[in-house]
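For the sequence shown, our numbering gives the first residue as 8, with consecutive numbering after it. For every residue, glycine included, the Cβ atom is placed at its ideal position computed from N, Cα and C.
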Amino acid sequence: MVEYASAPGGVEAPGGVEKTWTSGWMWKVSGSLLLLLALGSGAVLFTWFFSGRVENTNPSGQTRAQSGSDRTGESDLQETLSRISSGAKAAVHLEGSHTEDGGGSGGGQRLRWRADQGQAFDQGGFRLWNGSVVVPRSGLYFVYSQASFRVACGAGPVPVPLSHGVWRHSDSQGGGAPLMSAVRSACRGPAPADGRGWYDAVYLGGVFQLRRGDRLWTETNRPTLLETDDGRTFFGAFAL
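See below:
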C-alpha cells in the first residue's frame with residue numbers, strides 16, 4: 008500500500024516527486040495575464056481601426072467624407088513628391104517653332120523655343136525667360152542644341168552657309184559671348200530631283216561651367232529655313 012505524506016507548502020506525489028501549490032497557482036495567474044493582455048490589445052486595435060476609418064456614406068454607398076487616416080496619407084504623399092521634385096537634377100529640353108517677327112525691315116519669321124510641346128520639359132529650377140534659358144544654380148552643365156534646315160537649292164551647286172550657335176550672358180563676364188557655334192554648307196551639289204531641296208542639320212554640344220543667373224540662347228542665320236516639325240530643332244541643358 009502506497010503512503011502519502013504531507014510536506015509543508017506542498018503535496019508529495021507517488022514516487023517521491025513533490026508538486027507545490029505555488030507552482031500551479033503561478034501558471035494560472037500567468038495564463039490569466041496573457042489572456043487579459045491579448046484581449047486588451049485587440050480592443051485597442053479595434054478602436055484605432057474604426058476611429059481612423061469612419062466614413063459617411065449616402066444611400067447609394069458612395070463615400071461622402073474622407074477618413075482622417077486617408078487625409079494624413081495624402082498629405083504625406085504630397086510632401087514626399089514635393090521633396091523629390093525639389094531634389095531633382097536641373098534639366099531643360101526645348102523644341103523650336105516658327106513665330107512671326109514684326110520687328111526689323113519687312114518682318115518675317117524667327118525661332119521661338121517652347122517648353123510646352125512635343126518632348127519638351129523643364130525641372131529643377133530651369134526657366135524660360137524672353138527666349139533665354141536661365142541657369143538655376145552654379146555648376147557643370149551639358150549644353151546642347153540642334154538646328155535642322157530645309158534649303159531649296161538652285162540649278163547649280165551654289166553653297167548656302169548655315170550657322171547656328173549658343174550664346175551665354177553672365178554678369179561675371181560683363182555681357183554676352185558665344186558659348187559654341189558651327190557652320191555648314193548646303194546645296195553642295197545639284198538639287199534633288201524631287202524638288203524638296205537639301206536637308207541638313209547643325210548639332211552642338213559641350214560641358215561648361217555656368218553660374219547661377221546665367222542666360223543661354225541661340226542664334227541662327229537663316230531662321231526661315233528651319234525645320235521645326237517632329238522635334239528636329241531643339242535646345243537644352245542638364246546639370247552634371
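CB of residue i within 8 Å of CB of residue j, strictly
i: ALA159; j: THR240; result: no
i: VAL165; j: LEU186; result: no
i: GLY238; j: GLY125; result: yes
i: TRP224; j: SER139; result: yes
i: VAL214; j: LEU147; result: yes
i: PHE149; j: LEU247; result: yes
i: ARG222; j: VAL99; result: no
i: PHE1; j: GLU226; result: Residue 1 lies beyond the range of the chain shown here (8 to 247); nothing can be said about it.
i: GLY161; j: PRO143; result: no
i: ARG175; j: GLY183; result: yes
Residue i burial status per 10 Å Cβ neighbour count (16 or more: buried)
i: TYR206; result: exposed
i: SER67; result: For SER67, the predicted model reports a pLDDT of 47, less than 50, meaning its position is unreliable and no value from the coordinates is stated.
i: ALA193; result: buried
i: SER195; result: It should be pointed out that residue 195 corresponds to Arg in this sequence rather than to Ser. Exposed, by the Cβ-count rule.
i: PRO230; result: buried
i: ALA244; result: buried
i: SER145; result: exposed
i: PRO168; result: exposed
i: LEU232; result: buried
i: THR70; result: Bear in mind that a pLDDT of 45 at THR70, under 50, signals an unreliable position, so the number given afterwards is only what the model happens to contain. So THR70 counts as exposed.
i: ASP236; result: exposed
i: ASN63; result: The predicted model places ASN63 with a pLDDT of 44, which falls under 50 and marks its position as unreliable; any figure quoted below should be read in that light. Answer is exposed; the Cβ neighbour count stays below 16.
i: ALA72; result: Because ALA72 carries a pLDDT of 46, less than 50, the predicted location of this residue cannot be relied on, and the following value inherits that uncertainty. Exposed: under 16 other Cβ atoms inside 10 Å.
Among the options, nearest to residue i - alpha-carbon criterion
i: PHE242; options: ALA162, ARG157, ARG229 and SER104; result: SER104
i: TRP136; options: GLN124, TRP120 and ARG144; result: TRP120
i: GLN130; options: ALA97, GLU226 and ARG144; result: ALA97
i: GLN180; options: LEU217, ALA122, VAL209 and LEU211; result: LEU217
i: GLY212; options: PHE133, ALA189, PRO143 and ALA122; result: ALA189
i: LEU101; options: GLY204, ASP123 and ARG175; result: ASP123
i: TYR151; options: ASN228, SER177 and VAL209; result: VAL209
Beta-bridge partners of residue i, as assigned by DSSP
i: VAL141; result: ARG134 and ARG222
i: GLY183; result: HIS176
i: PRO168; result: SER192
i: GLU102; result: ARG121 and PHE241
i: THR227; result: HIS171
i: ALA208; result: SER155
i: GLY161; result: Note: GLY161 sits in no beta bridge, so no partner.
i: GLN216; result: LEU147
i: ASP236; result: None, per the DSSP bridge assignment.
Heavy atom of the ligand MG within 7 Å of residue i beta-carbon
i: GLY182; result: Absence of the ligand MG is noted for the structure shown, with no ligands found whatsoever.
Short CB-CB distance (under 8 Å) between residue i and chain D
i: GLY138; result: Note that chain D does not occur in the displayed structure, where there is just one protein chain.
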